[in-house]
Amino acid sequence: MANTGVEVMDAPRFLQAMATFLDLLGENEQLINDLNVYPVPDSDTGTNSLGTMQAGLSNLELANSDPGAMDLAQVAGLVAAGASTAARGNSGVILAEYLSGLANAVNNQATSAQWAQALSAGSTSARAAVLTPAEGTMLTVADAACEVTPDKDFAIYYSNIQIAVRNALARTQELLPELRAAKVVDAGGVVIALLHEAFAIALGVRGSSLEIIPRSQNLVSTYAGPEFEVMFVAKCDESNRKLLETQLQTLGESIAITGATPNLTFHIHCDDPQAVLLHSEKIAEISDFRIANLGT
């Protein structure tokens, strides 16, 4: 990889990466949906991730400030806040938390060493958002990026991140039985890989595009888990957040949380949405309560 002389991640490069990421999600939306077999084969990871990022960039556009006059922390913070507020599905919640952790760890710009710390913060935040994290998912791919040793030249650094992320994505099939049976890599892992492909492009890395092998249409997934996906916003403090987390664990699975107190977005797979609503209302002020069928 040739030295490009790029030594900082700044707001313009971040903005370019976000625009490219949105394009990549749009181009690969259906392919990612088709790969979606874990935790539920509901074929919506691509759609949910795209919708989450559209909300993130829309929040930036709605800001009163000129994006060209903002620094890295401001731009990343606005994108992350918009994504968190409108996160869609399990993948959207985790993606939003990844971006939030990253945004909270940067200042006006970032050297490669500082960016490595931000990636680590993003990975930690994403993992903390999931009450029962699993390996072989987008969390595993996110971890791979922050384990790469930074190089002063960002293009060299990101070339190495690409290798690490692509290898981690390929390994997801070995880590989850559901992926192995369907002969696919993790759909959420593809989302994180595309995010880093977008950063690489913005930093001047030139090389082969990420190859995503489509799922064979002859393979049929069976699903016997909870019937519904529920998402809602809870207005609560940290103490009530813990109470709500504990309560939700008795009502369903795949629980994930994004946002910051007092407004948190909760995600859960369950069989009784009304029970989730009734119990949650006893603990916090609930709004934007959404229900979707799973496995359909």
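Just so we're aligned, residue 1163 is where the sequence shown starts under my numbering, counting upward by one.
Glycine is no exception: its CB is placed at the ideal position from the N, C-alpha and C atoms.
Worksheet item: If you follow the alpha helix (DSSP H) that Ser1378 is part of, which residue opens it and which one closes it?
Response: Element bounds for Ser1378: n/a, residue is neither H nor E.
Worksheet entry | Within 9 Å, strictly: CB atoms of Phe1394 and Leu1439 | yes
Fill in: Identity of the residues DSSP links to Glu1391 by a beta bridge
His1431, Ala1454
Item to complete: Identify the continuous beta strand (DSSP E) that holds Glu1415 and give its terminal residues.
Response: 1414-1422
Practice prompt. Let me know if Glu1443 comes out buried or exposed under the rule of 16 or more other beta-carbons within 10 Å of its beta-carbon.
Written response: exposed
Fill in: Limits of the alpha helix (DSSP H) - the one that Val1255 falls within
1251-1266
Worksheet item: What residue does the alpha helix (DSSP H) around Thr1182 start on, and which one ends it?
Response: 1173-1197
Practice prompt. Would you give the residue range spanned by the alpha helix (DSSP H) that Lys1404 belongs to?
Written response: 1400-1411
Item to complete: Count the other CB atoms, across all protein chains shown, that sit within 10 Å of the CB of Pro1339; report buried if there are 16 or more and exposed otherwise.
Response: exposed
Fill in: Closest Cα partner of Val1353 within the set Ala1304, Ala1272, Gln1276
Ala1304
Discussion item. Quick check: what's the CA-CA separation for Phe1176 versus Val1237?
Written reply: 8 Å
Worksheet entry | First through last residue of the alpha helix (DSSP H) which encompasses Thr1459 | Given a span of 1163 to 1458 for the chain in the structure shown, any question on residue 1459 remains unanswerable.
Worksheet entry | CA-to-CA distance, Val1346 to Arg1333, given in whole angstroms | 10 Å
Practice prompt. Tell me whether the beta-carbon of Ser1274 lies closer than 9 Å to the beta-carbon of Tyr1319.
Written response: yes
Worksheet entry | DSSP state of Ser1205 mapped onto helix, strand, coil | coil
Worksheet item: Can the beta-carbon of His1429 be found less than 9 Å from the beta-carbon of Glu1391?
Response: yes
Discussion item. Looking at the secondary structure, which residues open and close the alpha helix (DSSP H) in which Asn1322 lies?
Written reply: 1316-1337
Worksheet item: Terminal residues of the continuous alpha helix (DSSP H) containing Gly1351?
Response: 1349-1364
Worksheet entry | Closer than 9 Å to chain D by CB, Gly1350 | The structure shown contains no chain D, having only a single protein chain.
Worksheet item: Gly1230: which of Thr1182, Ser1220, Ala1173, Gly1298 sits nearest, CA to CA?
Response: Ala1173
Worksheet item: Between the beta-carbon of Val1202 and the beta-carbon of His1431, is there less than 9 Å?
Response: yes
Item to complete: Output the distance between the C-alpha atoms of Lys1314 and Ser1449, rounded to the nearest integer angstrom.
Response: 46 Å
Worksheet item: Taking one C-beta from the region 1406-1416 and one from the region 1260-1268 each time, how about it: are there three or more such pairs within less than 8 Å?
Response: no
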